[in-house]
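For reference, each letter of the sequence shown is one residue, going 57 to 313 in my numbering. The beta carbon of each residue, even a glycine, is placed where N, CA and C say it ideally should be.
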Amino acid sequence: MTARRTGAFLLAMCWSAAILAACAAPSAERKKEADARMRMGVTYLEQRNLPMAMQELTKASELDPGNPEVDMALGLVYQERGDLPRAEEYLRRAIDKKPDYADARNNLGIVLTGRKAWDEAIREFEAAAMNVMYTTPERAYFNLGETYRAKGEPANAEGAFRRAVRANERYAPAYIALSSVLGGQGRWEEAASALSRCVEILPGYAPGWMELGRVQARLSRHAEALKSFNTVLAVSSDPELRKQAAGYVTFLGSEKR
57 MTARRTGAFL
67 LAMCWSAAIL
77 AACAAPSAER
87 KKEADARMRM
97 GVTYLEQRNL
107 PMAMQELTKA
117 SELDPGNPEV
127 DMALGLVYQE
137 RGDLPRAEEY
147 LRRAIDKKPD
157 YADARNNLGI
167 VLTGRKAWDE
177 AIREFEAAAM
187 NVMYTTPERA
197 YFNLGETYRA
207 KGEPANAEGA
217 FRRAVRANER
227 YAPAYIALSS
237 VLGGQGRWEE
247 AASALSRCVE
257 ILPGYAPGWM
267 ELGRVQARLS
277 RHAEALKSFN
287 TVLAVSSDPE
297 LRKQAAGYVT
307 FLGSEKR
């Protein structure tokens, strides 16, 4: 082998080694930097500083391209920007890398409901909720119920909302949604029971008292409704909610006279 050919062969080997090194798993240092940038990106996302979130998360993805958490965070940024196709793309990437990634499946379900892909969304929410490692299955069950409600299937929506409160009895939105589904079927007594349970567990939850008062008023339980609306005034600092409650108090008070 001539010196020139030997040099060319060694050069080719060096290039091959460089390519293999680039394709290898990220070093511990790169993973550490990627994790730091991902955390910063998520912080920016929580602050709704989307350009900075995108910048940090894109860099994190370059440093650690196999990290599904980075993909999910990028999906959430695109979702916040209203770019649902890109959000879906990144969330699917996260799931491809980690099929049991319940948070990613739940968020993908939300994106799918945005384009009214109800059946696909239902599958994702069910997969998330049934994952025994998922720490907040009530969220997936709630989203499942909302999807069934949007699809026009109140019986399935009711079942999902009941599963949500069984998973976490302190998950207030599920009680409100459940009462709405029950009321929509004319089952006002059951709606009142669901809301009574809500405020029993969460006595400081003003929206629960507000909805309970409305249902009690519909059932002509005016004294109970008046008590519920007065409780809203006692526990809530929300000006709009207080205004609504005060209106009901005035109306029900005038009926008593």
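Proximity test, Cβ basis, 8 Å: residue i and chain D
i     : result
Arg95 : Protein chain content of the structure displayed is limited to a single chain, and chain D is not contained in it.
Secondary structure of residue i, DSSP reduced to three states
i      : result
Glu246 : helix
Pro259 : coil
Arg171 : coil
Met189 : coil
Asn199 : helix
Pro155 : coil
Ser276 : coil
Gly63  : With a pLDDT of only 45 at Gly63, under 50, the local geometry of the prediction cannot be trusted, and the value read off the model is given with reservation. Helix at Gly63.
Beta-carbon separation (whole angstroms), residue i vs residue j, contact threshold 8 Å
i      : j      : result
Leu106 : Arg137 : 6 Å
Asn163 : Gly201 : Going by Cβ atoms, the distance from Asn163 to Gly201 rounds to 17 Å, so no, they are not a contact pair.
Lys153 : Asp127 : 7 Å
Arg298 : Leu289 : 6 Å
Ala262 : Val291 : 5 Å
Ala248 : Leu275 : 6 Å
Pairwise C-alpha distance: residue j and residue i
i      : j      : result
Gln111 : Arg179 : 32 Å
Arg219 : Glu85  : 43 Å
Arg24  : Met94  : Since the first residue shown for the chain is 57 and the last is 313, residue 24 is missing from the structure and cannot be characterised.
Asp139 : Tyr146 : 11 Å
Asp294 : Met108 : 32 Å
Arg222 : Thr192 : 12 Å
Cys79  : Gly260 : Caution is warranted here: a pLDDT of 46 is assigned to Cys79, below 50, making its placement in the model unreliable, and the coordinate value is therefore given only provisionally. Approximately 55 Å, taken between the alpha carbons.
Glu125 : Met189 : 16 Å
Asp91  : Ala129 : 12 Å
Pro141 : Tyr204 : 22 Å
Glu89  : Ala302 : 54 Å
Asp314 : Val133 : In the structure displayed, the chain extends from 57 to 313; residue 314 sits before or after that span and is not available.
Gly97  : Ile232 : 33 Å
Asn187 : Ala177 : 16 Å
Leu168 : Gly215 : 21 Å
Glu256 : Gly269 : 14 Å
Tyr100 : Tyr197 : 28 Å
Glu245 : Phe285 : 18 Å
Residue range of the unbroken alpha helix (DSSP H) whose run includes residue i
i      : result
Ser117 : 106-119
Val133 : 124-137
Ser293 : Looking at the DSSP string, Ser293 is not in any alpha helix (DSSP H), and its letter there is neither H nor E.
Leu101 : 84-102
Tyr231 : 228-240
Asn212 : 210-223
Same chain only: Cβ atoms within 7 Å of residue i, ignoring 5 sequence neighbours per side
i      : result
Arg161 : Ile151, Glu180, Ala183, Ala184
Glu194 : Ala220, Ala223, Asn224, Tyr227, Ala230
Pro350 : In the structure as shown, the chain starts at 57 and stops at 313, and residue 350 therefore has no counterpart that could be examined.
Leu258 : Arg226, Ala228, Gly264
Arg171 : Leu140
Glu267 : Ile232, Ser235, Leu251
Cys254 : Ala228, Tyr231, Tyr261, Gly264
6 Å Cβ shell around residue i - same chain, five flanking residues per side excluded
i      : result
Glu280 : Gln272
Tyr157 : Pro124, Ala150, Ile151
Thr314 : Residue 314 cannot be examined here, being either before or after the span of the chain that is shown, 57 to 313.
Asp120 : Pro82, Lys87, Ala90
Ala206 : none
Ala77  : Low confidence applies here, because Ala77 scores a pLDDT of 43, under 50, leaving its location unreliable; read the following figure in that light. Contacts found: none.
Ala143 : Gly131, Tyr134, Gln135, Val167
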